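In UniProt numbering, the protein residues as written are 1 to 257.
Think of the CB as a built atom: it goes at the ideal place given N, C-alpha and C, for glycine as much as any other residue.
The structure displayed is predicted, hence computed values, not measured ones.
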């Protein structure tokens with residue numbers, strides 16, 4: 001028997017989001033440790049924003065180091081999960097529901113020493129206009145000399161593969177349950193068009209029952225050169241880049257001038 005639940009935002013998928021997080025990034029301390037190089041640049045008593053915080057692994061890991069952390073996400077369910085994880089670890093994290101565009105409504109300009117936007121989230125901003133607005137909001141919240149830490153899919157590589165179905169080649173175990181993760185990619189003909197990713201998590205319980213939670217997400221891909229230009233336009237200068245056309249993902253650190 002298969003039950004299918006199709007949702008239009010992260011408020012349902014958030015409940016099973018841990019199946020989408022790699023083993024290495026699931027423990028908060030280990031996720032934070034993956035950014036040791038940039039975290040070493042923070043001043044004492046630094047304030048950090050983790051926007052698009054997801055289920056809170058990074059925010060909680062940062063707070064565990066004694067950093068003042070605020071976590072935001074457009075999904076109320078993600079914010080609840082972040083708050084729950086912080087409580088579980090005894091970490092001090094202020095969790096707020098806010099989209100990128102709403103960030104300036106919650107914080108004054110120059111509030112943070114570092115802003116994280118990780119987990120391949122920026123492609124959900126609606127096209128060049130939405131992406132520029134998101135980057136502008138994040139840049140505004142940085143003090144002069146502060147840094148935006150961004151991770152992204154290598155969209156040049158994703159588009160080259162075309163529309164396809166990617167089925168996980170092994171079961172992923174979380175909370176004593178196994179699941180198969182499936183990605184269905186709808187690649188539009190042109191870069192600037194809306195693309196879609198359908199993510200399905202098929203959980204299998206001890207009786208053989210399969211529960212599938214599926215979400216169709218809109219995304220607007222961008223080329224690396226385009227992202228570089230957009231960062232420059234909002235007053236950020238690339239300080240670190242791991243971009244490689246042969247890699248699945250990359251990290252960019254932009255410093256506010």
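- When secondary structure is reduced to three states using DSSP, residue 170 falls in the coil class, being assigned neither helix nor strand.
- Under the three-state reduction of DSSP output, residue 17 falls in the helix class.
- For residue 157, the enclosing alpha helix (DSSP H) starts and ends at 155-161.
- By the Cβ criterion, the region 202-213 is in contact with the region 174-183, since at least three pairs of Cβ atoms, one from each stretch, lie closer than 8 Å.
- Under the DSSP assignment, residue 31 falls in the alpha helix (DSSP H) whose first and last residues are 28-33.
- If only complete runs of 3 or more residues are kept, the region 26-114 shows the beta strand (DSSP E) at 47-51, 68-73, 93-97, in order along the chain.
- Beyond the five residues adjoining it in sequence on each side, residue 11 comes within less than 7 Å, by CB distance, of 75, 76, 77 in the same chain, given in chain order.
- Per DSSP, the beta bridge partners of residue 178 are 173, 204.
- Taking 8 Å as the cut-off, the Cβ atoms of residue 191 and residue 228 do not count as close.
- Boundaries of the alpha helix (DSSP H) harbouring residue 127: 127-140, taken from the DSSP string.
- A Cβ-Cβ distance of about 14 Å is found for the pair residue 32 and residue 49, leaving them out of contact under the 8 Å criterion.
- DSSP places residue 211 within a strand segment (E or B) once states are collapsed to three.
- Under the three-state reduction of DSSP output, residue 245 falls in the coil class, being neither helix nor strand.
- For the pair residue 168 and residue 119, the CB atoms are not nearer than the 8 Å cut-off.
- Assignment of residue 10 by DSSP, reduced to helix, strand and coil, places it in the helix class.
- With 16 or more other CB atoms across the displayed protein chains lying within 10 angstroms of its CB, residue 82 is buried.
- Residue 149 has 116, 253 as its beta-bridge partners, per DSSP.
- DSSP lists no beta-bridge partner residue for residue 222.
- Taking 8 Å as the cut-off, the beta carbon of residue 134 is found no closer than this to the beta carbon of residue 220.
- Counting C-beta pairs closer than 8 Å gives fewer than three between the region 209-219 and the region 244-257, which falls short of the contact rule.
- If you check the CB distance, residue 150 and residue 122 come in under 8 Å.
- Taking the Cα of residue 65 as reference, the smallest distance to any Cα among 72, 52, 89, 240 is reached at 89.
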